[in-house]
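Q: Structure below; questions to follow.
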Amino acid sequence: CSFLSSEMRFHIIIAAFLWAAFVESRKIRGISSSYKRFYRERKSFLCIDGSKMIPFEQVNDDYCDCADGSDEPGTSACPRGRFYCTNLGFRPHYIPSSRVNDGICDCCDASDEYNSHARCQNTCWNLGQKERAYVEGQMKTLDEGLRLKQQLIEEGVLLWREKQAQLRELQRAAEDLQIKLEEHRKRKHEADRLKEQTLKALKAGDKGKAPSIFRTHFKTFAHFAELFQFTQLGRRFGYRAASISCLLSLTGATTLLGGGHQMDLSKFQNTLWDNFHCFHLVGSLLDYTNVKLSCNCIEHYDNFDLQKKLEIDYGTDWEYLFLNGQCYKLKVYEYMYTLCPFNMVSQKSTAGTEVSLGLWGMWAGPAKNHYSQMVYENGEPCWQGGSRTTSVTMTCGTETALRSVKEPSKCQYIMDFETPVACQPVLKQRGVHSEL
Amino acid sequence: MCCWFFLRRMGPVLLLWLAVCLSGSWAVDKGNFKTCDQSAFCKRQRAMKPGESPYRALLETMELTNTRLTLQLINDNNKVRLLLELYRLQGNITRVKINELKPLKPRYEVPDVLIREPPTEPLSLLSQDENGVVLSLGAESQRVIVSARPFRLDIVEGRDVLMSLNSRGLLSFEHLRMRKDTFSYKVTSTVASVWDNIKRVFSSQADPEAENKEGTDPANPAETVKEEEEKVEDGMWEETFKSHTDSKPSGPSAISLDFSLPGVEHVYGIPEHADTLKLKTTDSGDPYRLYNLDVFQYELYNPMALYGAVPVMLAHNTQRTMGIFWLNAAETWVDISSNTAGKTVFGKMLDYVQGSSETPQTDVRWISESGIIDVFLMLGPTPRDVFSQYASLTGTQAFPPLASLGYHQCRWNYNDQEDVRSVDAGFDEHDIPYDFIWLDIEHTDGKRYFTWDPHKFASPKEMLQGLLDKKRKMVAIVDPHIKVDTNYKIHNEIRSRGFYVKNKDGGDYEGWCWPGNAGYPDFTRPDMRAWWASQFGYDQYEGAMENLYTWNDMNEPSVFNGPEVTMHKDAMHESWEHREVHNLYGLYVHRATAEGLTERSGGVERPFVLTRAFFAGSQRYGAVWTGDNAAEWDHLKISIPMCLSLGLVGISFCGADVGGFFKSPSTELLVRWYQTGAYQPFFRAHAHLDTPRREPWLFGPENTALMREAIRQRYTFLPYWYQLFYLAYHTGEPVMRPLWVEYPQDPATFALDDEYLLGRDLLVHPVTEEGARGVTAYLPGKHEVWFDIHTFQKHNGGQNLYIPVTMSSIPVFQRGGSIIPRKLRVRRSSTCMEHDPYTLYVALDNQRTAEGELYIDDGHTFNYEKKELIHRKFSFANGVLSSVDLEPNAQFTTKSWVERIIILGASKPSMVTLKTADGENQLEFDFDASMSVLTIRKPGMNVGADWTVTLQ
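Order-wise, the sequence lines are chains A and B.
Residue numbering for the first sequence follows full-length UniProt numbering, starting at 1 and increasing by one per position.
Residue numbering for the second sequence follows full-length UniProt numbering, starting at 1 and increasing by one per position.
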């Protein structure tokens with residue numbers, strides 16, 4: 001013993017310490033520090049669920065004794081067990097016990113592969129670095145995003161007010177139109193009466209008399225030109241499909257009548273009267289329903305459109321309002337995708353035509369983050385029934401852009417849409433839990 | 001994959017078809033496929049009714065050598081002579097070959113299906129008179145009786161007739177002939193007769209013996225004169241179905257033969273049909289059809305042809321099992337009737353035959369469009385004997401890589417590399433194991449096989465490496481139709497080498513398939529197959545790695561615009577018409593592909609190739625699935641008889657698309673399908689392009705848990721599956737088998753096809769009813785006991801057992817008397833479980849004994865052929881469980897040890913001792929008295945070692 005130099009003694013002590021540490025580490029392998037209290041070296045070990053008492057040597061001895069897997073936190077023995085990766089320098093986490101010593105590196109500190117062929121490197125530091133850089137970037141994005149969002153909210157409020165005013169104006173216009181409609185209704189009755197008269201005259205075989213009736217009531221016909229002007233007004237408000245038929249018949253009539261107030265009766269007579277089934281024309285011209293329809297178009301369509309627009313949920317602060325009326329495009333492989341928020345989604349192939357992938361449906365995020373997802377429904381019908389739908393996930397970013405499009409199943413599209421208004425202050429709480 | 005989908009991509013020309021397609025209901029359009037009446041030869045043959053056969057055996061022409069008997073048959077109606085060859089093959093098989101004695105040109109004889117020229121045994125003559133001859137078939141007092149007038153064959157054992165051929169007089173052989181209504185016939189026949197005269201003159205001078213021979217055959221010149229004018233019927237020289245005309249340059253050439261099976265009420269096999277396990281009689285409808293076809297949305301419970309054909313039928317009763325292997329690759333129909341007709345004919349010749357009129361009998365009739373009659377009568381007598389007899393002819397199941405017995409995740413289509421990555425990650429996130437992810441046709445560059453979509457799969461090696469890092473694998477599809485495109489290397493090479501199938505006019509045959517216009521390589525050519533195989537080499541197949549395997553779809557072949565969605569029968573494979581080889585095409589594609597995968601590793605690694613079309617012998621090349629099924633409960637049910645039927649005829653590696661290919665399954669159906677698929681040999685989920693996603697975690701956590709549990713159960717049984725496949729590879733025994741195979745004397749098992757056995761020891765009765773609250777399973781074996789594998793509850797055999805079920809139930813029972821090794825540490829993939837320890841499940845029978853086996857090798861190479869394997873036998877008797885080596889000369893080591901022994905039906909021991917070469921030690925144990933389950937804790941010995949565990 002006396003031969004032993006102090007240096008050797010030191011080595012022995014170190015070795016003993018390492019051995020103890022090794023034994024200790026076997027026993028506690030795969031446990032987080034908060035669970036260490038369950039694994040204090042005693043004579044016996046009580047399964048954490050309390051179901052069974054086993055000798056302490058049977059903890060981490062590669063045989064599953066506890067139904068909850070708590071006796072084997074560091075081996076793959078228990079089917080329901082979990083292994084704690086400490087991952088110093090990165091984020092600690094649990095992996096299923098089945099990934100311990102399976103030859104695949106799961107913990108960045110390589111602690112899960114202590115008895116396998118896998119040559120795992122400790123990559124925690126690098127991962128941590130990357131993660132920190134990433135989070136830093138995210139924070140910056142978030143800050144910038146939130147700032148932009150505030151701006152957009154302010155703009156949104158202004159826009160909202162403007163639109164509201166517009167709506168009120170339209171409503172007033174509609175009221176005026178109602179009054180005019182009433183006038184037209186009266187004139188229509190007059191026209192109906194005339195039509196009847198003309199028809200009777202014709203039926204009676206007196207063909208020559210008909211033009212004279214027409215001439216007599218020239219004023220009434222002149223009125224149609226006025227009607228035409230009226231529909232022009234409608235067009236200014238941008239009414240659409242429903243009124244197209246009435247517009248057409250009116251335009252046709254007006255053209256025939258010389259394109260305005262100036263009416264060349266002889267021309268009318270020569271070109272039309274003799275060769276055409278004038279009475280049908282007159283009949284349709286005088287058709288009250290048509291007139292009414294065109295009024296309705298104006299009254300309802302624009303009003304309705306704007307009203308509908310304003311009924312949409314643009315977020316608690318109208319922050320998404322600015323997206324209405326905008327469209328965003330992204331090319332993915334051979335397709336060009338277009339997202340017009342609150343309106344529609346479409347897809348256009350390089351060669352083919354445009355296909356609707358859905359019309360605005362609703363917000364569909366989970367309760368706690370209602371505005372994180374949009375759904376567009378009732379797109380072009382699909383081959384095997386149903387119609388195309390698109391689900392758009394809103395993510396926080398400094399720009400507003402369409403970032404990705406996928407079609408995981410036929411006719412079901414998933415889009416990632418980035419915009420500052422999706423930024424949520426809560427994001428800030430995330431970060432790397434560093435245990436350095 | 002269905003062909004009709006393609007239509008929507010074929011532009012406006014097809015809009016009309018499309019409309020028809022859309023307006024149809026969700027079922028097969030039967031009008032696209034022929035009935036027997038629409039198939040001229042079937043109609044002709046079927047019009048022939050049982051009766052006196054026109055054939056007579058010319059006993060004076062009989063020649064008996066050591067290996068075979070030959071004999072001429074003559075048709076008294078047209079005087080055409082046939083040559084009968086009869087062989088006794090080793091292993092209790094009789095082969096009967098009938099061909100024209102002097103065919104106009106050679107008739108097709110199916111090559112490459114038999115693994116070798118079957119070894120013969122001597123035949124000996126027992127007696128002979130003018131009515132017939134009796135030959136001994138070797139041991140077991142088996143004889144074959146050849147009756148002369150009319151010709152028939154009876155195989156007799158003792159006093160029992162096992163099988164009779166032509167007893168109903170349905171032998172028919174449409175001899176090849178010249179077409180008589182054409183100018184060319186007249187010219188040719190004139191020339192021929194002139195030539196014949198010249199020959200006669202010369203031969204009489206040069207070969208007096210030949211002259212002599214003719215002289216001793218008095219019938220010969222007379223026959224030529226007497227020959228009746230052949231009746232020309234519609235469809236003999238040309239046949240039109242829908243818009244397709246078959247030019248039939250060789251005219252009629254059909255063959256037919258009937259087989260009577262006295263005492264037989266149950267016949268099985270002749271897949272592929274979506275029908276019950278027990279074949280039905282066909283008197284009231286069409287015969288079962290064997291003609292490989294791409295059938296869109298096939299209908300269940302009918303005899304229509306499907307993707308594959310194995311012309312093998314098994315006949316079974318409580319006394320005996322036999323098989324009939326009709327080696328013919330042309331379109332074939334099989335009629336089955338069950339009656340007592342024809343038995344009076346019996347009595348005539350064989351007065352000693354048991355003759356009670358109540359004796360049931362099944363009559364079978366085979367009809368093929370062309371070729372010869374070449375039939376193997378596999379005489380059993382046990383089911384196992386028939387399996388080994390058939391295996392001796394066509395080989396056994398390819399021994400698959402272990403990983404391919406795991407779970408496969410497929411979908412038409414995983415869209416791009418990112419999609420693959422995220423599905424792969426989904427399995428890890430939800431802790432569900434899987435081994436293979438699959439890519440369907442969309443992964444290619446414009447349906448050009450052997451290529452990758454340059455955008456969606458821009459870096460396949462990176463993707464494959466990502467899977468390899470997790471010890472997982474991939475399958476990519478390679479179909480046999482090749483896009484006609486001069487910028488496509490594969491096409492250019494095949495065209496320049498002249499490897500395409502030709503049309504009747506000699507040009508390259510072209511048809512529509514996924515890529516649009518496509519050529520079909522002639523896989524019947526060995527040089528073509530060798531070239532195809534070389535394309536799987538790592539130097540040829542860009543982006544391939546060792547964990548990339550292959551799937552052959554559409555190899556019936558599917559031709560969207562062809563007759564019955566397949567190739568024209570008058571297309572040419574060198575000198576043979578497609579008509580002759582049709583049912584072989586898919587086998588050849590499968591074979592060439594499997595050979596390619598083997599060769600790319602220098603013959604080291606086992607291939608894995610899935611095929612849709614198949615024929616007898618396809619088992620040698622890999623796995624088969626039941627094609628494009630649908631997400632319906634009945635399709636789940638039919639997966640059982642369909643795979644059972646395939647197993648009976650050698651194809652063990654069978655599975656159905658889990659979840660159903662067409663349509664979208666309800667969550668309940670999907671869960672039940674996972675639970676069923678987990679206990680079927682080939683376990684792959686697949687889905688049509690138009691269906692919503694259905695990865696197992698998309699249906700809420702509860703259902704994820706149910707599907708995870710089903711897949712995990714599969715993985716715990718992988719050692720057992722692997723051992724069963726090793727057994728199938730060795731013996732030809734099916735992995736998934738009907739109950740009657742193990743309980744051949746119990747008639748209650750004969751028609752069961754809602755439950756089945758895996759090997760001998762696991763009985764599975766999947767839940768296949770919607771909203772099921774319970775199932776009734778028949779537990780066979782009066783003296784057997786069965787243990788519920790989940791609860792360890794013991795049940796007696798020989799009873800119908802009602803089992804209440806919940807959504808988590810998969811009724812599976814382990815037979816008392818068996819030992820099943822399992823691995824309970826289920827990991828990400830089977831490869832990750834390689835070195836894991838075993839748990840032995842010892843289920844004791846009433847004698848308190850049990851036996852089982854364990855097979856281990858490296859799981860992926862052919863080194864098992866060099867005996868690099870472990871094969872152990874476990875037995876338990878008298879309280880001692882021991883492990884002995886079944887292959888003492890084998891060399892392989894494993895790290896795996898025994899972590900647990902669970903003995904079901906045990907009593908409590910006072911002490912448990914383990915004895916190994918290293919000594920003895922006591923083991924801890926736990927005894928559950930309520931269930932009589934003894935769990936021995938951590939014995940720890942290496943599973944490859946010799947050891948005993950003694951209970952005291």
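Every residue, glycine too, gets a C-beta built ideally from N, C-alpha and C.
1. DSSP three-state call for Q384(A): helix, strand or coil?
2. Looking at N413(B) and E442(B), is the spacing between their C-beta atoms short of 7 Å?
3. Evaluate contact between the region 777–789 of chain B and the region 638–651 of chain B, counting only Cβ atoms and requiring at least three cross-stretch pairs below 8 Å.
4. Within the continuous alpha helix (DSSP H) that includes H590(B), where are the two ends?
5. Taking its Cβ as the centre, do 16 or more other Cβ atoms sit within 10 Å of W383(A), making it buried, or is it exposed?
6. May I ask you to report which of helix, strand or coil DSSP gives T318(B)?
7. How about the region 27–43 of chain A and the region 67–87 of chain A: do they share at least three Cβ pairs that are nearer than 8 Å?
8. Rounded to a whole number of angstroms, what is the C-alpha to C-alpha distance between A133(A) and K140(A)?
9. Along the beta strand (DSSP E) that carries Y756(B), what are the first and last residues, could you check?
10. Given this structure, state the Cα-to-Cα distance separating K663(B) from M941(B), to the nearest angstrom.
11. Specify the secondary structure class of Q361(B) as computed by DSSP and reduced to three states.
12. Grab the span of the alpha helix (DSSP H) containing I490(B) for me, first residue to last.
13. Decide if the region 695–704 of chain B is in contact with the region 725–744 of chain B; the criterion is three or more beta carbon pairs, one per stretch, under 8 Å apart.
14. Tell me which residues of the region 891–919 of chain B have at least one Cβ-Cβ distance to chain A shorter than 8 Å, keeping chain order.
15. Please go through the same chain and pick out, in chain order, the residues whose beta-carbon is closer than 6 Å to the beta-carbon of V334(B), but skip the five residues on each side of it.
16. Let's see if you can read the secondary structure: which residues bound the beta strand (DSSP E) around H730(B)?
17. Taking the beta strand (DSSP E) that I803(B) falls in, what are its first and last residues?
18. Would you tell me roughly how many angstroms separate the C-alpha atoms of D49(A) and Q922(B), rounded to the nearest one?
19. Less than 7 Å between the C-beta atoms of Y549(B) and V475(B), yes or no?
20. Note down, in chain order, every chain B residue with its Cβ under 7 Å from the Cβ of C47(A).
21. How many angstroms separate the CA atom of D76(B) from the CA atom of P54(B)?
22. Would the beta-carbon of N131(B) fall within 7 Å of that of A613(B)?
23. In three-state DSSP terms, what is S388(B)?
24. Taking the alpha helix (DSSP H) that G466(B) belongs to, which residues open and close that run?
25. Name the chain B residues that come within less than 7 Å of P366(A), Cβ to Cβ?
26. In or out: P681(B) buried (at least 16 other Cβ within 10 Å) or exposed?
27. Step through the CB atoms of chain A and report whether any lies within less than 7 Å of the CB of C832(B).
28. Within 7 Å of any Cβ in chain C, is that where the Cβ of I104(A) sits?
29. Within the same chain, show all residues whose beta-carbon is closer than 8 Å to that of V386(B), passing over the 5 residues directly before and after it, in chain order.
30. Compute the distance between the beta-carbons of Y841(B) and I820(B), then report whether it is under 7 Å.
31. Please say whether R529(B) and F523(B) have beta carbons closer to each other than 7 Å?
32. My parser needs the alpha helix (DSSP H) runs of 4 or more residues fully inside the region 33–99 of chain B; what are they?
33. Can you pull the chain A residues whose beta carbon is under 8 Å from the beta carbon of R827(B), in chain order?
34. Any beta carbon from chain A within less than 7 Å of P150(B)'s own beta carbon?
35. Does the structure place the region 720–735 of chain B close enough to the region 299–314 of chain B that three or more beta carbon pairs sit under 8 Å?
36. In three-state terms, what does DSSP make of T948(B)?
A: In this structure, then:
1. The residue given as residue 384(A) occupies position 384 in the first sequence. Q384(A) carries a coil assignment under DSSP once its states are collapsed to helix, strand and coil.
2. In the second sequence, residue 442(B) corresponds to position 442, counting from 1. In the second sequence, residue 413(B) corresponds to position 413, counting from 1. Going by C-beta atoms, E442(B) is nearer than 7 Å to N413(B).
3. Not touching, per the Cβ criterion.
4. The sequence position of residue 590(B) within the second sequence is 590, counting from 1. Start and end: Y585 to E599.
5. By one-based count along the first sequence, residue 383(A) stands at place 383. It counts as exposed.
6. Within the second sequence, residue 318(B) is the residue found at index 318, counting from 1. Coil, per DSSP.
7. Judged by Cβ distances under 8 Å, the region 27–43 of chain A makes contact with the region 67–87 of chain A, as three or more pairs qualify.
8. Taking the first sequence and counting its residues from 1, one reaches residue 133(A) at position 133. Taking the first sequence and counting its residues from 1, one reaches residue 140(A) at position 140. If you take the alpha carbons of A133(A) and K140(A), they lie about 11 Å apart.
9. Locating residue 756(B) in the second sequence gives position 756, counting from the first residue. Y756 to L758 is the span of the beta strand (DSSP E), which, as asked, contains Y756(B).
10. Working through the second sequence from its first residue, we reach residue 663(B) at position 663. Working through the second sequence from its first residue, we reach residue 941(B) at position 941. Distance from the CA atom of K663(B) to the CA atom of M941(B), rounded to whole angstroms, is 50 Å.
11. For the purposes of this step, residue 361(B) is taken as residue 361 along the second sequence, with counting starting at 1. DSSP places Q361(B) in strand when its eight states are reduced to three.
12. The residue you call residue 490(B) lines up with position 490 of the second sequence. First-last of the alpha helix (DSSP H) with I490(B): K489 to S496.
13. At 8 Å Cβ cutoff, the stretches do not touch.
14. For the region 891–919 of chain B, the set of residues with a beta-carbon nearer than 8 Å to any beta-carbon of chain A comprises E899 and R900, in chain order.
15. Position 334 of the second sequence, counting from 1, holds the residue named residue 334(B). Once the five neighbours on either side are set aside, the close Cβ partners of V334(B) are I270, P287, Y288 and W366.
16. Here residue 730(B) refers to the residue found at position 730 of the second sequence. Run containing H730(B): none in the beta strand (DSSP E); it sits in the alpha helix (DSSP H), L718 to T731.
17. Within the second sequence, residue 803(B) is the residue found at index 803, counting from 1. Looking at the DSSP string, the run of the beta strand (DSSP E) that includes I803(B) is Q799 to P804.
18. As a working mapping, residue 49(A) is identified with position 49 in the first sequence. As a working mapping, residue 922(B) is identified with position 922 in the second sequence. Between the alpha carbons of D49(A) and Q922(B) lies a distance of about 29 Å.
19. The residue you call residue 549(B) lines up with position 549 of the second sequence. The residue you call residue 475(B) lines up with position 475 of the second sequence. Yes, the pair counts as a contact, with Cβ atoms nearer than the cut-off.
20. Locating residue 47(A) in the first sequence gives position 47, where the first residue counts as 1. Using a Cβ-Cβ cut-off of 7 Å, C47(A) is close to nothing in chain B; its nearest Cβ partner there is about 14 Å away.
21. Position 76 of the second sequence, counted from the start, is the residue given in the question as residue 76(B). Position 54 of the second sequence, counted from the start, is the residue given in the question as residue 54(B). Their Cα atoms are separated by approximately 5 Å.
22. Position 131 of the second sequence, counted from the first residue, corresponds to residue 131(B). Position 613 of the second sequence, counted from the first residue, corresponds to residue 613(B). Result no, Cβ atoms of N131(B) and A613(B) do not sit closer than 7 Å.
23. By 1-based counting over the second sequence, the position of residue 388(B) is 388. In the structure shown, the three-state DSSP call for S388(B) is helix.
24. In the second sequence, the residue the question calls residue 466(B) occupies position 466. Following the DSSP letters along the chain, one finds G466(B) inside the alpha helix (DSSP H) bounded by residues P460 to L468.
25. Taking the first residue of the first sequence as position 1, residue 366(A) is located at position 366. The premise fails here: P366(A) is roughly 15 Å from chain B at the closest Cβ pair, so nothing lies under 7 Å.
26. The residue given as residue 681(B) occupies position 681 in the second sequence. Buried: at least 16 other Cβ atoms inside 10 Å.
27. The sequence position of residue 832(B) within the second sequence is 832, counting from 1. So yes, C832(B) belongs to the interface.
28. No chain C appears in this structure, whose protein chains are A and B.
29. As a position in the second sequence, residue 386(B) is number 386, starting the count at 1. Sequence-distant partners of V386(B) (beyond 5 residues in either direction) whose C-beta falls short of 8 Å from its own C-beta, in its chain, are L314, T321, M322, G323, M378 and G380.
30. For this step, residue 841(B) is matched to residue 841 along the second sequence. For this step, residue 820(B) is matched to residue 820 along the second sequence. Yes, these two residues count as a Cβ contact at 7 Å.
31. Stepping through the second sequence from its first residue, residue 523(B) is reached at position 523. Stepping through the second sequence from its first residue, residue 529(B) is reached at position 529. Result yes, Cβ atoms of F523(B) and R529(B) sit closer than 7 Å.
32. Fully enclosed alpha helix (DSSP H) runs of no fewer than 4 residues occupy 40–47 of the region 33–99 of chain B, in order along the chain.
33. Taking the second sequence and counting its residues from 1, one reaches residue 827(B) at position 827. Neighbours of R827(B) in chain A, taken as residues at a C-beta separation under 8 Å, are given in chain order as S76, S98, R99 and D102.
34. Indexing the second sequence from 1 puts residue 150(B) at position 150. Output row for P150(B): interface = no.
35. Three or more Cβ pairs closer than 8 Å define a contact, and the region 299–314 of chain B falls short of that threshold against the region 720–735 of chain B.
36. Position 948 of the second sequence holds residue 948(B). In the three-state reduction of the DSSP assignment, T948(B) falls in the strand class.
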